[in-house]
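Participant: Below you'll find the structure I mean.
Number of protein chains: 2
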Amino acid sequence: RRLGDPEAPFPGFDGSRFQLADPPSLPSWGDVEVRTDADDRLRHARGQGLPDVLRLRAGSLPAAPDAVAYPQNDDQLGSLLETASASGVRVIPWGGGTSVTGGVNPVPDPRPTLTVDLGRLSGLETLDEESGLATFGAGTSGPEVERALRPRGLTLGHFPQSFELSTVGGWVATHSSGQESFGYGRIGDLVAGLDAVAPTGRLHIPALPASAAGPDLRAFMTGSEGRLGVISRAVLRVTPSPETMRVEAALARDFTSGIEICRRLVRAGAGLSMLRLSDGPETEVALTVGLAKSAFEPLLRGWLRLRGVERGCLLLFGANGSAGDVDGAFEDARRFAGEGRAVWLGAGPGKNWRRDRFHHPYLRDGLLDAGYATDTFETAAPWSKVGEVYGAVRGALLGAVEGPEREIPLLCHLSHPYADGVSLYFTFFFRCPPDPDAAVERWAGLKRRAQDAVASVGAATSHHHGVGSWHAPWAPREWGETGTRLIRAVAKELDPAGVLNPHVLLDPADRLDI
Amino acid sequence: RRLGDPEAPFPGFDGSRFQLADPPSLPSWGDVEVRTDADDRLRHARGQGLPDVLRLRAGSLPAAPDAVAYPQNDDQLGSLLETASASGVRVIPWGGGTSVTGGVNPVPDPRPTLTVDLGRLSGLETLDEESGLATFGAGTSGPEVERALRPRGLTLGHFPQSFELSTVGGWVATHSSGQESFGYGRIGDLVAGLDAVAPTGRLHIPALPASAAGPDLRAFMTGSEGRLGVISRAVLRVTPSPETMRVEAALARDFTSGIEICRRLVRAGAGLSMLRLSDGPETEVALTVGLAKSAFEPLLRGWLRLRGVERGCLLLFGANGSAGDVDGAFEDARRFAGEGRAVWLGAGPGKNWRRDRFHHPYLRDGLLDAGYATDTFETAAPWSKVGEVYGAVRGALLGAVEGPEREIPLLCHLSHPYADGVSLYFTFFFRCPPDPDAAVERWAGLKRRAQDAVASVGAATSHHHGVGSWHAPWAPREWGETGTRLIRAVAKELDPAGVLNPHVLLDPADRLDI
Chain A
24 RRLGDPEAPF PGFDGSRFQL ADPPSLPSWG DVEVRTDADD RLRHARGQGL PDVLRLRAGS
84 LPAAPDAVAY PQNDDQLGSL LETASASGVR VIPWGGGTSV TGGVNPVPDP RPTLTVDLGR
144 LSGLETLDEE SGLATFGAGT SGPEVERALR PRGLTLGHFP QSFELSTVGG WVATHSSGQE
204 SFGYGRIGDL VAGLDAVAPT GRLHIPALPA SAAGPDLRAF MTGSEGRLGV ISRAVLRVTP
264 SPETMRVEAA LARDFTSGIE ICRRLVRAGA GLSMLRLSDG PETEVALTVG LAKSAFEPLL
324 RGWLRLRGVE RGCLLLFGAN GSAGDVDGAF EDARRFAGEG RAVWLGAGPG KNWRRDRFHH
384 PYLRDGLLDA GYATDTFETA APWSKVGEVY GAVRGALLGA VEGPEREIPL LCHLSHPYAD
444 GVSLYFTFFF RCPPDPDAAV ERWAGLKRRA QDAVASVGAA TSHHHGVGSW HAPWAPREWG
504 ETGTRLIRAV AKELDPAGVL NPHVLLDPAD RLDI
Chain B
24 RRLGDPEAPF PGFDGSRFQL ADPPSLPSWG DVEVRTDADD RLRHARGQGL PDVLRLRAGS
84 LPAAPDAVAY PQNDDQLGSL LETASASGVR VIPWGGGTSV TGGVNPVPDP RPTLTVDLGR
144 LSGLETLDEE SGLATFGAGT SGPEVERALR PRGLTLGHFP QSFELSTVGG WVATHSSGQE
204 SFGYGRIGDL VAGLDAVAPT GRLHIPALPA SAAGPDLRAF MTGSEGRLGV ISRAVLRVTP
264 SPETMRVEAA LARDFTSGIE ICRRLVRAGA GLSMLRLSDG PETEVALTVG LAKSAFEPLL
324 RGWLRLRGVE RGCLLLFGAN GSAGDVDGAF EDARRFAGEG RAVWLGAGPG KNWRRDRFHH
384 PYLRDGLLDA GYATDTFETA APWSKVGEVY GAVRGALLGA VEGPEREIPL LCHLSHPYAD
444 GVSLYFTFFF RCPPDPDAAV ERWAGLKRRA QDAVASVGAA TSHHHGVGSW HAPWAPREWG
504 ETGTRLIRAV AKELDPAGVL NPHVLLDPAD RLDI
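Following this line, the structure appears as structure tokens:
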């Protein structure tokens with residue numbers, strides 16, 4: 024059972040339960056394949072956020088696209104956008120459909136909506152092995168990227184949790200970060216050049232290692248979320264596949280000492296590719312859910328008790344490269360962990376992490392079957408503010424629901440570290456009302472509290488899931504009034520008719536769940 | 024004798040030789056100090072490019088600012104821009120005045136021009152030691168930055184050749200790169216947040232390690248060159264001062280094998296902070312000019328002859344950090360150099376490089392006294408295109424002048440490497456006609472040939488000197504028509520009256536030398 028599998032996009036998905044209105048009259052799309060059958064429209068109706076799953080499981084959709092287009096090249100894409108722009112048809116670009124921010128969801132609106140599936144703009148187009156530059160079509164998925172590079176001994180090193188389904192274009196459009204971003208960088212660091220098509224023109228950004236020629240246009244399109252144009256290909260920086268990859272774990276005495284171990288390691292220039300610290304609640308879940316399978320848990324707990332650690336915080340360290348580089352990185356990691364009085368656990372928990380790294384989203388459905396809903400969100404902040412962000416979010420969410428169902432279990436980990444700060448990733452759970460509208464309403468209330476807390480301490484609106492529709496009410500607080508006007512001016516220049524993803528990035532819909 | 028020294032901005036500069044027109048009637052600037060005396064106007068009339076020096080030495084200026092303002096805070100800066108915008112006064116932001124692209128030069132125009140000197144917006148404002156974030160006023164010079172950080176054991180690590188005079192705001196506005204950018208990154212990598220003031224609003228970009236909230240606004244202002252707003256402060260990422268710094272040299276057998284050594288080292292993830300390869304002509308100059316002083320040259324040449332290297336190419340390697348890190352980096356460097364059959368020279372030439380690293384610009388004046396003009400330009404390209412760029416530029420410039428003065432000595436080095444490419448830095452010389460107009464005309468002809476060659480092979484318009492006025496005819500070839508429209512849309516949103524640095528970045532003046 025695969026999340027987003029084209030044959031079964033959502034577990035429990037049953038197309039026959041939905042009633043779709045007949046599509047309105049649409050313009051002629053020339054030689055581009057455009058389908059209006061219910062199956063195509065349903066499969067492109069929602070992303071993979073919790074409200075999406077709740078709506079799809081309940082058979083209750085506020086809107087679906089009126090048609091789905093499958094352009095085969097930039098010219099077809101350009102002609103689609105021109106036609107849509109001239110006739111007021113709203114356009115939603117679709118990569119892997121894994122948005123968790125409402126980034127691909129149509130809004131109920133009398134104007135027709137066309138979803139543009141980029142699946143046919145896919146594959147490795149050119150490879151410059153000398154420079155390590157690989158050009159991929161926007162619709163290329165994570166496994167396709169790595170499969171194309173592996174025979175040449177290369178890797179992109181970009182492994183978001185959505186890796187199995189998400190695409191090159193979607194990564195660039197939403198500021199994706201892979202699980203080893205500490206080593207390989209975020210997607211913005213990996214993009215050397217790109218092509219994008221907008222209603223009023225095409226943008227060709229040449230692949231250059233650096234340029235001093237004015238504002239970096241790559242940054243106009245990284246994070247553009249289909250609102251400023253449709254990315255059709257990207258030239259990505261690829262690196263030699265590492266000889267070896269190793270993940271090991273330690274247990275910090277508490278969250279504060281764990282944060283300090285991470286901060287000191289990162290600021291000392293540690294050669295790690297991955298660094299992650301779970302807070303107490305997440306560690307508890309990891310030890311019971313993650314390790315119980317190995318029958319290792321009671322032994323581990325006893326061993327830790329002997330060392331005076333009862334409620335520690337799990338640290339995961341990853342390094343890749345030559346055997347010597349990896350040894351060097353782990354020497355540093357063990358030294359800093361020791362100085363912070365953490366207990367080294369070795370490779371066991373790391374093996375579980377590697378095994379499960381893309382599987383956690385699949386747990387959501389089992390939980391829903393059991394009556395519990397779960398969602399995640401993440402932010403980023405300077406090291407000096409991590410404690411404040413953590414406190415603000417916990418304060419906002421714990422006890423957020425009244426009555427017998429008041430407890431909102433909340434887990435957190437730090438990951439994706441930078442010299443000057445780190446991402447905080449939160450997972451929350453709540454008892455899910457059986458009525459989908461009530462469930463979505465409860466989710467929206469919690470989401471609002473979380474984002475208000477994040478914004479109140481000046482942390483990032485999102486670290487690697489973009490703005491979409493669900494973060495759009497908060498992003499202007501990060502940009503400021505002038506910054507918001509800037510982004511709007513660019514959108515207006517590229518898309519004066521305002522047909523591209525109209526509720527995403529700017530101008531959110533009235534309701535959080537659309 | 025200091026280049027740009029406030030007491031003697033240009034060697035040979037004599038203010039009494041210039042006749043300045045009386046400034047036109049200017050609006051009232053409120054409580055901001057604005058000076059109209061000849062000395063202030065002359066000192067802010069030109070940058071530090073070759074045509075600037077030629078014009079200033081000859082006492083022949085096409086234009087000078089009509090007044091110079093010295094705002095003390097963002098409010099004063101904002102009020103200046105509002106007044107200028109309302110009354111059509113053109114504004115040129117001034118940091119260290121070290122532009123080599125005509126970025127601070129007024130154009131002859133009936134409308135008045137106000138140069139805004141940011142020297143009073145300077146100094147360390149706040150320091151977050153935990154996160155390594157230091158907030159500096161835009162007018163803070165390189166030495167002031169390092170002096171403020173050193174007592175805390177920190178460094179910015181940003182050492183452009185203009186370090187002594189150039190400023191934080193100028194670095195950000197022009198995509199500055201320091202000599203150790205391989206280790207510390209370009210200025211864009213070092214900017215966590217910033218404030219900028221434009222005629223229609225202020226932009227506050229919070230210091231975040233990363234954010235997925237839409238297009239990265241930092242990239243709108245990095246490279247904005249005073250055209251999109253005036254940067255008033257930046258939050259910069261600072262790092263612990265390295266325990267040790269080492270520079271050593273080797274001699275590659277030829278340019279091609281030297282390039283390959285660099286490429287392989289960089290793609291293998293070398294832990295160096297600096298890597299530089301001179302071509303044959305530049306190596307010849309380095310060996311005779313740079314090493315003769317040490318009486319080391321004849322010995323070295325004999326020693327190299329014995330090893331079969333007669334016309335090699337100088338490689339410089341720099342590393343900093345802990346003693347162990349530096350040893351590790353040099354172990355890699357020696358191994359790759361050896362595999363490329365380069366001869367290791369040790370620390371001698373590196374010492375000269377460190378001694379002279381900020382001094383080369385001062386040689387220009389001695390050369391001019393002797394009747395020779397020299398200028399530099401730089402670009403960047405993927406590794407696979409380095410040979411093509413090198414060939415195109417040499418083809419365009421060698422033999423570019425007819426007659427007995429036809430030889431244009433041309434030197435090149437690679438520096439500022441990236442995983443996917445590298446910067447190529449060229450120095451050319453020509454016999455300087457005594458008439459300044461003729462000298463500038465000869466320079467403009469060579470500059471045009473060079474930039475045409477760079478653009479013809481799709482290399483970067485500039486790697487670290489920005490667009491200014493002199494690269495503005497070529498930058499649109501890099502941006503494309505749509506990219507140019509994007510940048511123009513942002514400029515129009517922030518500065519609808521078009522008063523900010525009107526000939527810089529976009530809309531170049533008719534003549535290359537203004």
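Sequence order for the protein chains is A and B.
Read in order, the letters of the first sequence correspond to residues 24 to 537 in this note's numbering.
Read in order, the letters of the second sequence correspond to residues 24 to 537 in this note's numbering.
By construction, the Cβ of each residue, glycine as well, lies at the ideal position given by its N, Cα and C atoms.
Just so it is clear, the structure is predicted and the values come from calculations on it, not from any experiment.
What's the call for residue 426/A, buried or exposed, on a 16-neighbour Cβ count within 10 Å?
Facilitator: Per the 10 Å Cβ criterion, exposed.
Participant: If we call anything under 7 angstroms between Cβ atoms a contact, is residue 285/B one with residue 306/B?
Facilitator: The answer is no: Cβ separation not under 7 angstroms.
Participant: Is it true that the CB of residue 447/A sits closer than 7 angstroms to the CB of residue 435/A?
Facilitator: Judged by beta-carbon spacing, residue 447/A lies within the 7 angstroms limit of residue 435/A, meaning their Cβ atoms are closer than that value.
Participant: Taking Cβ positions only, does residue 154/A come closer than 7 angstroms to chain B?
Facilitator: Interface residue, yes.
Participant: Counting pairs of Cβ atoms below 8 angstroms between the region 513-527 of chain B and the region 522-532 of chain A, do you hit three or more?
Facilitator: No, because fewer than three Cβ pairs between the region 513-527 of chain B and the region 522-532 of chain A fall closer than 8 angstroms, the two stretches do not touch.
Participant: With the cut-off set at 7 angstroms, would you say residue 484/A and residue 349/A are in Cβ contact?
Facilitator: no
Participant: Go ahead and label residue 375/A buried or exposed: buried means 16 or more other beta carbons lie within 10 angstroms of its beta carbon, across all protein chains shown.
Facilitator: Taking a 10 Å sphere around the C-beta of residue 375/A, we find 16 or more other C-beta atoms and assign the residue as buried.
Participant: Kindly identify the DSSP beta-bridge partner or partners of residue 48/A.
Facilitator: In the DSSP secondary-structure assignment, residue 48/A is not bridged to any residue.
Participant: Tell me where the beta strand (DSSP E) around residue 493/B begins and ends.
Facilitator: From DSSP, residue 493/B is part of no beta strand (DSSP E); its letter is neither H nor E.
Participant: Got a sec: is the Cβ-Cβ distance from residue 236/A to anything in chain B below 7 angstroms?
Facilitator: yes
Participant: Does the contact criterion of 3 or more C-beta pairs under 8 angstroms hold for the region 267-277 of chain A versus the region 330-347 of chain A?
Facilitator: yes
Participant: Which class does residue 375/B belong to by DSSP, given the choice of helix, strand or coil?
Facilitator: Note: residue 375/B maps to helix in three-state DSSP.
Participant: Starting from the beta carbon of residue 151/A, find every residue of chain B whose beta carbon is closer than 7 angstroms, and list them in chain order.
Facilitator: 405 and 407
Participant: Between residue 24/B and chain A, is any beta-carbon pair separated by less than 7 angstroms?
Facilitator: Confidence at residue 24/B is low in this model, with a pLDDT of 32, below 50, so the placement of that residue should be treated as unreliable; the coordinate-derived value is given next. By this cut-off, residue 24/B is not an interface position.
Participant: Name the chain B residues that come within less than 7 angstroms of residue 205/A, Cβ to Cβ?
Facilitator: In chain order: nothing, as chain B lies at least about 11 angstroms away.
Participant: From the DSSP output, read off the bridge partner residues of residue 282/A.
Facilitator: Within the DSSP bridge table, the entry for residue 282/A names no partner.
Participant: Does any CB atom of chain A fall closer than 7 angstroms to the CB of residue 126/B?
Facilitator: no
Participant: Taking only beta-carbon atoms, is residue 530/A less than 7 angstroms away from chain B?
Facilitator: no
Participant: Select from 206/A, 179/A and 205/A the residue whose C-alpha is nearest the C-alpha of residue 194/A.
Facilitator: Looking at the Cα atoms, 179/A is the closest of the given residues.
Participant: Quick check on the DSSP output: the beta strand (DSSP E) that includes residue 197/A runs from which residue to which?
Facilitator: Segment 191-197 is the alpha helix (DSSP H) holding residue 197/A; no beta strand (DSSP E) there.
Participant: Along the alpha helix (DSSP H) that carries residue 110/A, what are the first and last residues, could you check?
Facilitator: 97-110
Participant: Residue 207/A: buried (16+ other C-beta within 10 angstroms of its C-beta) or exposed?
Facilitator: Classification for residue 207/A: buried.
Participant: By how many angstroms is the C-alpha of residue 531/A removed from the C-alpha of residue 89/A?
Facilitator: For the pair residue 89/A and residue 531/A, the Cα-to-Cα distance works out to about 21 angstroms.
Participant: Would DSSP call residue 369/A helix, strand or coil?
Facilitator: strand
Participant: Cβ of residue 315/B less than 7 angstroms from any chain A Cβ?
Facilitator: Any answer about residue 315/B is weak, because its pLDDT of 49 lies below 50 and its placement is not dependable; what the coordinates show is given next. No, no contact with chain A.
Participant: Counting Cβ pairs closer than 8 angstroms, one from the region 145-164 of chain A and one from the region 399-408 of chain B, do we hit at least three?
Facilitator: yes
Participant: Please check the pair residue 121/A and residue 493/A, which I expect to be a contact at CB under 8 angstroms, by giving their CB distance rounded to whole angstroms.
Facilitator: That pair is no contact at about 14 angstroms.
Participant: Ignoring anything shorter than 4 residues or poking outside the region 155-233 of chain B, list the alpha helix (DSSP H) runs there in chain order.
Facilitator: If we require 4 residues or more, the alpha helix (DSSP H) runs fully inside the region 155-233 of chain B come out as 165-172, 191-197, 204-207 and 210-213.
Participant: Give the straight-line distance between the Cα atoms of residue 315/B and residue 325/B, rounded to the nearest whole angstrom.
Facilitator: At residue 315/B, the pLDDT of 49 sits below 50, so the modelled position is not reliable and the matter cannot be decided from this model.
Participant: Can you tell me which of 470/A, 201/A and 159/A puts its alpha carbon nearest to the alpha carbon of residue 423/A?
Facilitator: 470/A
Participant: According to DSSP, is residue 431/A helix, strand or coil?
Facilitator: coil
Participant: Are there three or more Cβ pairs, one per stretch, closer than 8 angstroms when the region 290-310 of chain B is compared with the region 383-390 of chain B?
Facilitator: no
Participant: Against chain A, with Cβ distances strictly below 7 angstroms, would residue 299/B count as a contact?
Facilitator: no
Participant: Given a limit of 7 angstroms on CB to CB distance, which residues of the region 105-134 of chain B reach chain A?
Facilitator: none
Participant: Please confirm if residue 265/A has its CB atom under 7 angstroms from at least one CB of chain B.
Facilitator: no
Participant: Residues of the region 480-493 of chain B with a CB closer than 7 angstroms to any CB of chain A: list them in chain order, please.
Facilitator: 481, 483, 484, 485, 486, 487, 488, 489 and 490
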